[in-house]
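Protein chains: 2
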Amino acid sequence: MNVVTLCLGILALGDASGYEIKKRFDGPLRRIQEPSFGSIYPALNRLTREGLVTCTVQAQDKRPDKKVYSITAEGRAHLKAELQKSLPGPDKVHSDFLVTMLFQEMLSPAFVAAAVDERIAFYRDLMTTLDCPAGQQSAAKDFVCGYGVAVCRAAIDYLEAYRRDLPAPEPAADPAAGQKERGVLVNPQAMEI
Amino acid sequence: MNVVTLCLGILALGDASGYEIKKRFDGPLRRIQEPSFGSIYPALNRLTREGLVTCTVQAQDKRPDKKVYSITAEGRAHLKAELQKSLPGPDKVHSDFLVTMLFQEMLSPAFVAAAVDERIAFYRDLMTTLDCPAGQQSAAKDFVCGYGVAVCRAAIDYLEAYRRDLPAPEPAADPAAGQKERGVLVNPQAMEI
DNA sequence: TCTCGCATGTAACGTGTTACATGATTCC
DNA sequence: GGAATCATGTAACACGTTACATGCGAGA
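What follows is the structure in structure tokens.
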């Protein structure tokens, strides 16, 4: 799934500017895909060239001009065809966490424990983000969010069970576990290489 | 996590040739990462240049020569440092399935049902692949496989519950659901665009 | 003042895939 | 006879990210 198709899909759900498309992927959707401006703007220009979307410049008060894109009938047809071309291929997970855990035998137990703690905290946080929109959203978004919640819960349960079996509870590593995203507040050098 | 670090990690688990490294990612690990020859061979050459691995050419009977790589002490130290540099960042899911489902409102119900069926079959198959190695493997691999199984099970449960609520059971779409990976046996054009 | 948010865009760069090139052996 | 497996490697290509360029307004 490339950025061009993704932008076309977002525009099928409603008009938006490049900046707004980017913002949509700052929410829970960022877990699935997180395109940058450097790929979104060229994608929108290409879609416009191909007649799949139209662009209207909107002057704004005390804000820069905005280029609002709308999907055309051809764009809608193209998206349908693109999505139904074949059944979606298998997901790619691309997990640095799992790779790290695969090599955990050569890492310090404190680091492994901190990584697991951080991951539990991360998924707990993600689950609350995903869980709030119940019913009021579109059925499609509910499905995708629900899928995320189900997978999160399973991951948390599994990680918590594993955490209990871990040798050292290591209270010194806990500050790292509370961090959002990928903070580097805890110096890994400090915890026994 | 780039291919270079990944190769170094595999070599930390035991000597291997480029071809053998590739084969390791044909198994269940392929869900996490699936590097190609075009990235593995240059990676091994770079690791050799940097002194992180050594290479010995092994002549074989009735088979082409094999270049077996071994990790050096510096390589091991480098890998440790690389993995413990910072806590692993959040996973990237990259799911064409979820994107497709996000736009399901504009797709034919038959296609959506077929996609869900295929995904259930896929995860069932994956779970059996992941589930078999219990205990005999390394603890690290057990953890990673167990994680995969837990997530698979949650996904299957969620998808099956969703499938039951789906309007049309559509028996014509079932052949697609039985396919492995991403077969194109069923012509999507045939099922009402 | 200085940073942040809004808003668009380009160019360089990194990284990985696909396709090609080569060649013996084994299985159907 | 043809495909598949073993085995390594390179070059072209696709795709996306990062950094840079620009500029105004609002709030700390």
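Quick mapping for you: the protein sequence lines, in order, are chains A and B. Those letters in the first sequence? Residues 98 to 290, by my numbering. Those letters in the second sequence? Residues 98 to 290, by my numbering. Backbone N, C-alpha and C define an ideal beta-carbon position, used for all residues, glycine too. Predicted, not measured: the structure shown is a model, and the values here were computed from it.
Within the 8 Å Cβ cut-off, does K119(B) reach chain A?
no
Against S192(A), what residues of chain B qualify as contacts under a CB-to-CB distance less than 7 Å, listed in chain order?
I129 and D188
Got a sec: is the Cβ-Cβ distance from L122(B) to anything in chain A below 8 Å?
Correcting the residue type first, residue 122(B) is Phe in the shown sequence and not Leu. No, F122(B) does not count as interfacial toward chain A.
What's the call for R291(B), buried or exposed, on a 16-neighbour Cβ count within 10 Å?
The question about residue 291(B) has no answer here: the residues shown for chain B are numbered 98 through 290.
List the residues of chain B whose Cβ lies closer than 7 Å to the Cβ of Q201(A), in chain order.
A237
Would you say P185(B) faces chain A, with C-beta separation under 8 Å as the test?
yes
Run the CB neighbour count on F134(B), radius 10 Å, all protein chains shown included, and call it buried at 16 or more, exposed below.
exposed
Hey, could you find the ends of the alpha helix (DSSP H) I137(B) is sitting in?
F134 to R146
Hey, is the stretch 179-194 of chain A in contact with the stretch 102-119 of chain B, meaning 3+ C-beta pairs nearer than 8 Å?
no
Could you tell me how far apart the beta carbons of G106(A) and L176(A) are, in whole angstroms, since I believe they sit closer than 8 Å?
6 Å
Could you tell me the alpha carbon to alpha carbon distance between P187(A) and D123(B), rounded to whole angstroms?
14 Å
According to DSSP, T151(A) sits in a beta bridge with which residue or residues?
S167(A)
As assigned by DSSP and simplified to three states, the class of V196(B):
helix
Give the straight-line distance between the Cα atoms of V165(A) and D158(A), rounded to the nearest whole angstrom.
15 Å
Beta-carbon proximity check, P132(B) vs T226(B), cutoff 8 Å:
no
Given a cut-off of 8 Å, decide if L204(B) and L180(A) are closer than it, judged by their beta-carbon atoms.
yes
Contact residues within the stretch 160-180 of chain B, judged by C-beta distance below 8 Å to chain A:
R173, L176, K177, A178 and L180
Against chain B, does A269(A) count as a neighbour if the rule is that its beta carbon must be under 8 Å from one of theirs?
Since pLDDT at A269(A) reaches only 48, below the 50 mark, its modelled position is unreliable, and the value read off the structure follows with that caveat. Taking Cβ atoms only, chain B never reaches closer than 8 Å to A269(A), which makes this a no.
CB contact check: S205(A) to chain B, cutoff 8 Å
yes
If we ignore side chains and look at the alpha-carbon of each, how far apart do A212(B) and S136(A) end up?
28 Å
Below 8 Å on the Cβ atoms is my contact criterion, and I expect L256(B) with R216(B) to pass it. Report the Cβ-Cβ distance as a whole number of Å.
6 Å
In its own chain, which residues sit with a C-beta less than 8 Å from the C-beta of Q201(B), not counting the 5 before and 5 after it?
V209
For a contact defined as C-beta to C-beta under 9 Å, what are the partners of T226(B) on chain A?
The contacting residues do not exist; T226(B) stays about 12 Å from chain A at best.
I want to verify the contact list: residues of chain B whose CB lies under 9 Å from the CB of F134(A), in sequence order.
Those do not exist, as F134(A) stays about 18 Å from chain B at its closest Cβ, beyond 9 Å.
Go ahead and pull the three-state DSSP assignment for A158(A).
Sequence check: residue 158(A) is Asp here, not Ala. Residue state, collapsed to three classes: coil.
With a 10 Å radius around its C-beta and 16 neighbouring C-beta atoms as the bar for buried, classify G148(B) as buried or exposed.
exposed
Straight-line Cα distance separating L263(B) from F240(A):
12 Å
Check whether chain A comes within 8 Å of D254(B), counting only Cβ atoms and requiring the distance to be less than that.
yes
M198(A): which of Y259(B), A251(B), C242(B) and A237(B) sits nearest, CA to CA?
A237(B)
Against chain A, with Cβ distances strictly below 8 Å, would R261(B) count as a contact?
no
Is it buried or exposed for Y244(B), if we count other Cβ within 10 angstroms and need 16 for buried?
buried
Alpha carbons only, please: which of L144(A), R146(A), A156(A) and M98(A) is nearest the one belonging to I129(A)?
M98(A)
Would you verify that the beta carbon of R250(A) is, or is not, closer than 8 Å to some beta carbon of chain B?
yes
Within its chain, find whatever has a CB closer than 6 Å to the CB of E267(B); leave out the 5 residues flanking it on each side and keep chain order.
Bear in mind that a pLDDT of 49 at E267(B), under 50, signals an unreliable position, so the model cannot answer this.
Could you tell me how far apart the beta carbons of A156(B) and A251(A) are, in whole angstroms, since I believe they sit closer than 8 Å?
Not really, about 49 Å apart at Cβ, beyond 8 Å.
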